[in-house]
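Below you'll find the structure, written out as structure tokens, and then a few comments.
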Amino acid sequence: MSTVHNFQPKIIGIICNWCCYGGADLCGVSRFQYPPHIRLIRVMCSARVDMLHILRALTNGQDGIFIGGCHLCDCHYVTNGNFNAYSMVQVFRKILKHIGIYPERLRIEWVSAGEGIRFANFMNEYSSELIKMGPIGKAEGMDKATLAFKLEAVKNIIPYVKLVITQRLHVSERTEDAYHKFFSSDEFERLFNELILDKLVKSQITLLLQKKNLSTSEIATTLGLSPSEVAKHMNDSSKQGLVRFDVKSKNYAIA
Amino acid sequence: MKEESTTDISENKNLGDVIVVGGGISGIQAALDLATTGYKVYLVDKSPTIGGKMAQLDKTFPTNDCSMCIESPKFIECDRHPNIEIITYTEVVNVEGEAGDFTVTLNKKPRYIIEDKCTGCTVCTEYCPIPIPDPFNQELSTSKAIHIYFSQAVPLVPYIDESCSFLEDGKCNICVGVCKNNAIDLHQKPEKRVVKVGAIVLSPGYDVFHPEVRGDYGYGKYKNVVTSLDFERLLCATGPHVGEILRPSDHKHPKKIAWIHCVGSRQSTEGGHSYCSSVCCTYIQKQVILSKDHNADMEAMIFHNDIRSYGKDFERFYQRAENLPGVKFIRSYVSIGKEIPESKNVTIRYATTEEGVKEEEFDLVVLGVGLIPPANVENLADIFGIELNAHQFCNTDAISPIVTSRPGIFISGAFAGPLDIPESVVGGSGANALVSELLNSRRGQLSKERIYPEERDVSEEELKIGVFACHCGANIGRVVDIPGLVDYSRTLDNVVHAEEGLFICSTDAAQQIANTIRDKGLNRVVVAACTPKTHEPLFRDTLREGGLNQYFFDMANIREHCSWVHSKQKEEASQKAKDIVRMSVARSAYLEPLLEFDLPVNKAALVVGGGLSGMTSALSIASQGFEVHLLEKEANLGGMALRIPTTLEGLDVQEFLRNLIRKVYQHPLIYVSHSATITDVSGYVGNFVTTVISEGRTKKIMHGAAILATGAVEYKPTEYLYGTTDRVMTSIELGEQLALHDSKLTDAKSLVMIQCVGCRQEDRNYCSRVCCTHSIKNALKLKEINPKLDIYILFRDIRTYGYSEDYYREAADKDIKFIRYEPENKPVVEAINDGNSEILSVCISDPILGKELVIEADIVSLAAAVISSEGTYEASRLFKVPVNQDGFFQEAHVKLRPVDFSAEGVYLCGTAHYPKHISEAISQAYGAAGRAVALLSQDTVTASGSVCEVEENLCVSCGACISVCTYGAITFNETNKAVVNSVLCKGDGLCNVVCPTSAISLKHYTDEELLTQIDAVIGV
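Just so you know, the sequences run in chain order L and G.
If you read the first sequence in the working numbering, its first letter stands for residue 1, the second for the next number, and so on.
If you read the second sequence in the working numbering, its first letter stands for residue 256, the second for the next number, and so on.
Take a look at the structure:
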């Protein structure tokens, strides 16, 4: 991880009205101090935080996104939406990892309205962690264009990822244990690879081809994949009629 | 029904339902609750403004909330309430009649201002040539003979002090000349006004002890000896030195300050008061913390007796103060030495066990003055025809702490004796309940609805955003560059107006915003100030006053989330404040006008817990004509009180309980469920459905409000041999055996009580509040039946706050021995069996004598902690309401919403909130009943406009939203598109994120609004 001298991270916090916002208020009332890096946005429930919001923040060059909700099973709403927020974050962090961005940039924590000190602790901890990590993109050794490209590829599959989360990554029991267990299981790993990773690669390929026609090996180099992997994807996509092979230039193009 | 009543009788301006005498926080709460419940209220204060003592405080413990910031919105609420008439600078001179029909004569002192004409511009004050000591600032600074009492005053109108030179010799009338509105009338005479009401609430509050009378600790003689109330003003941003702590003699920053506890309290000497003033220990800790905030290098020494941190979160607050660097708490009586002539420093003599007597010099000495009855209390008692107690406070009794000796006259607040703010607020709500029991039949007849100007249609207008930035005294202004912020705001897109204010939440500032909205044609408003969680309702109301839809408002939190948490980084905080305002302005451009709609209120209440508190609440609500469902988990009503034979004051608890239980069973509107378990709670304010299994039957109860009174239990000790011998028992067990005159006790020769068992320690870091009193009660009772018994009470601090102090003194007089121990040196109890009999040996090291004592005891009684009940955790889970880290219910606001949860329609009372005495629990039970009835008396509640809606064209009928919405608010319509039932939608927005096509959207938190905020962070 690179460190930039005097680097001040830019952080967006999206926090729920009932617990974390109250906790942040109490933190103020108690005069607990933390670094002035975060800008807070209030939502009614942490579940309202959409992957699109996170992507937008990252695209804008934010170094971290903090989501704050009620403790699990203490959600103000009977929907217990913080479990959904938790699931989304687990999936999204995995996506970040796969596109080469430190997943720790996205963080979700539970803070009740009575836990001012807990909020301050998270703020202090998170700020210094991000300072150590360095600025987004740069720290990951990624230029701006690549970062933008990767994020856009993710953006294009978000509707699909949402469906996967609700339909295939559903945890039946709403307990902290059950969620932890599921999201650290091999089963989740397998489902993620099978359902999302594949799409993520395809999305990147499509995005590349939208700009210009490319050969299998060019795609492979750009995305850091083996030519055989790319070939498999191209094969699939051709069958589905999404791309076509231009025999003359030996390049693939959008169908 | 309410509109029809706008007939002749309500036009009679001297006919009302209730008069509230005293406009401090307690009177304000009583007036607001009564007015909301549907009574016409006169709120009378002898000062030129409402606000009382709380307005003079800088911050409030234990959260250090800015006192004025939390109280002043209530002034505005009173001012704007259509059922409250505020009458200031007025005293009650005569009361005739009886409950239901009082004739009250008022004497309105001349303020020499025609209130209707005055705009509060203060030009008169500028020109007035007569400086006077400012009474609001404890005469530590000057004001003018004509001035507004304080800047948030309601009404915001000046008054003329008697020292005015016109009034004295008719010489000057400059003010009359400069007033553009001809609002000054120097010939005003006192006015008499007679009003007729059904009930009276007395809330005259308290006075602070006057050390100048006896010259305590050199007060009055030495300039640098001030009272705690003086110091409160010194701390305050609106104080004499705008928040700089400067000592009186030379206006320099004191580097070393001493606080002296118990000034005027806990004294049986002439001129002192024997009771404990209850609040001083904690307010002194607050002042210490705040002083260290002002000046981190300051040294503080606090000379105290017992530290009485008996309230919720007080113990932690004490630790916070104690652990500050440079702060020393010293347990010692003190006397004042001398004033050093050159420096005007003052010396204090004190003694410690380690170092003996010492004399030390201080830059400033603060006297922790106690609370005393209001001035002229005997006259007051005469006028109202009520009895006073031995301490000259209002006489009340334990089972009806809100009732005076004269029917129809109720009290609220510290007129009952020293109370802190939340208890005073509870009393105000409780007075509502009791008045409402009396006047139930006339509820709603004189009341009126609030009428707002018509909402302007802004859909065709260009964006015109107004930004209002608040200094909040010095709370924000000291850290964030507010003028810079205002300048910056003007450069933002669509901002057509930006201004700053000292306190934007004050009545005139809020009114000013409403005017500016109209004058400048604003159609979006951003207030950069504190948290929307407390102030958003106020400003939304201001928008309505200005003829704008209330959802065109956004609040930029630059206090809790900025100035308070980055107080040492002024530059960064100022930058952050700009970012926050930019985000708010950007968001506000996308805000849409939303409609709120009314939902019917189910007129029944559910009370969970059939203990003393629950039953008291239930009975009060039922007596006001509402159905109550009372749930008790055990087979019998009564709760913990069943195990308490008497109180310290001698109340027969069991008889009281029997009566209460009988009244509950006999009341036709109360339905009791025994052995009840709640299995499910659904719905929302006004319309809850609770499923209960009781005695084998399952029933669904529909109710509009719920009161959670799930109680607390006694900790089962694992310490001090408890459970291994029947000679070691808890205080409650001792009380029970005492009532039975158990021979073990009557024959005993020596008994030891150990205090603080299982609390005031790491795992239970709170004081159980009641145990000191319980032990002293048991000890006095034991002495009564067995005078020869030697009793030892081993304690850390004796916390007999309030009037209980007298019993502590009585116990000491009766030769009950009090021995203090330190927590790191707890007593050790051993059982010694000499073959024939067993005896207990208690070993303790006495910090004063500095040696080990061994006491042989027949009985050891343990003052075991009061701990949260299982039922509290269950109710917390089912009703989705929070508990604090100690397992007690967390109220919506520690000071001003002490019996509300932040979830609307759910209230709390009794020991589930925190351990408390019976009379306190009763008071709180009435408070909760008063709050619940203020809701139940409404025909409708207003549901938020922030609900979801579906863009049908985008809906792909996947049903994802329907499956996650556990409120059941979304269904498919006939064309298989999702539709939202706005009544059921609670606005959490989970459905938004599961929708793959973003077809469903939560109003007020749309993707557009949120993404705009996200973009605005970097100024995209």
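Glycine residues also receive a C-beta, built at the ideal position from the N, C-alpha and C atoms.
The model shown is predicted, which means the values in this text are computed figures rather than measured ones.
For the pair G:V1007 and G:Y1047, the CB atoms are nearer than the 7 Å cut-off. In this structure, the alpha-carbon of G:V624 lies about 18 Å from that of G:R502. Taking a Cβ-Cβ threshold of 8 Å, the residues of chain G close to L:W18 are S1157, in chain order. Counting other Cβ atoms within 10 Å of its Cβ, G:Y367 reaches 16 or more and is therefore classed as buried.
Contacts with chain G at 7 Å (Cβ-Cβ) include L:I12. Take the alpha-carbon of G:P900 and the one of G:V908: they are about 5 Å apart. Straight across, the Cα-Cα distance linking G:V780 with G:E710 is about 15 Å. Annotation: Cβ neighbours of L:T166 in chain G (cutoff 8 Å, chain order): A1215, S1218, V1219 and V1249. Look at G:F405 here: in three-state DSSP terms it is coil, with no helix or strand label. Taking 9 Å as the Cβ-Cβ cut-off, the segment 812 to 824 of chain G approaches chain L at N812, R814, E815, H816, C817, S818, W819, V820, H821, S822, K823 and Q824, given in chain order. What G:D1262 touches in chain L, judged by beta-carbon distance under 9 Å, is D50, L52 and H53, going in chain order.
Assigned with DSSP and collapsed to three states, G:F670 falls in helix.
For G:V452, the enclosing beta strand (DSSP E) covers residues E446 to V452. The beta carbon of L:K162 sits closer than 7 Å to some beta carbon of chain G. Contact check for G:A729 against G:G938 fails: the beta carbons are separated by 7 Å or more. Where G:K547 is concerned, the enclosing alpha helix (DSSP H) starts and stops at C535 to H549.
Cβ neighbours of G:N560 within its own chain (closer than 8 Å, five residues either side excluded): H516, C517, R521, R586 and Y588. Of all residues in the segment 98 to 125 of chain L, the ones placed with a Cβ closer than 7 Å to any Cβ belonging to chain G are S112, A113 and G114, in chain order. Shown here, G:L411 sits in coil according to DSSP, grouped into three states, outside any helix or strand. At the C-beta level, G:A1189 and G:D288 come within 7 Å of one another. Around the beta-carbon of L:T166, 16 or more other beta-carbon atoms lie within 10 Å, marking it buried. For L:V29, same chain residues with a beta-carbon under 8 Å away, outside a window of 5 residues either side, are G116 in chain order.
Chain-ordered, the chain G residues with CB closer than 7 Å to the CB of L:Y77 read K1241 and D1243. If you ignore the 5 residues before and after G:K399, its C-beta comes within less than 7 Å of the C-beta of T380, C383, I385, P386 and I387, all in its own chain and listed in chain order. Here the segment 871 to 882 of chain G makes no contact with the segment 977 to 992 of chain G; the two share fewer than three CB pairs at distances below 8 Å. Distance from G:L1151 to G:V680 at the Cβ level is roughly 6 Å; contact confirmed, criterion being Cβ atoms closer than 8 Å.
In summary, G:T902 is buried, with 16 or more beta-carbon neighbours lying within 10 Å of its beta-carbon over all protein chains present. Rounded to the nearest whole angstrom, the CA to CA distance from G:G802 to G:P708 is 5 Å. Using a Cβ-Cβ distance cut-off of 8 Å, the segment 667 to 682 of chain G and the segment 455 to 474 of chain G are in contact, since at least three pairs of beta carbons, one from each stretch, lie closer than that value.
Within chain L, the C-beta atoms nearer than 8 Å to that of G:T1252 come from P159, in chain order. Counting along the chain, the unbroken alpha helix (DSSP H) around G:R1064 starts and ends at E1060 to D1068. Counting only Cβ-Cβ distances below 9 Å, G:Y1222 has contacts in chain L at Y77, V78 and T79, in chain order. Counting along the chain, G:F558 sits inside the beta strand (DSSP E) bounded by residues E554 to H559. Under the Cβ criterion (8 Å, minimum of three pairs), the segment 311 to 323 of chain G counts as touching the segment 540 to 555 of chain G. Boundaries of the alpha helix (DSSP H) around L:N235: P227 to K239.
Excluding five sequence positions before and after G:L694, the CB atoms of its chain that fall closer than 8 Å to its own CB belong to D272, V273, Y294, G355, G453 and A454, given in chain order.
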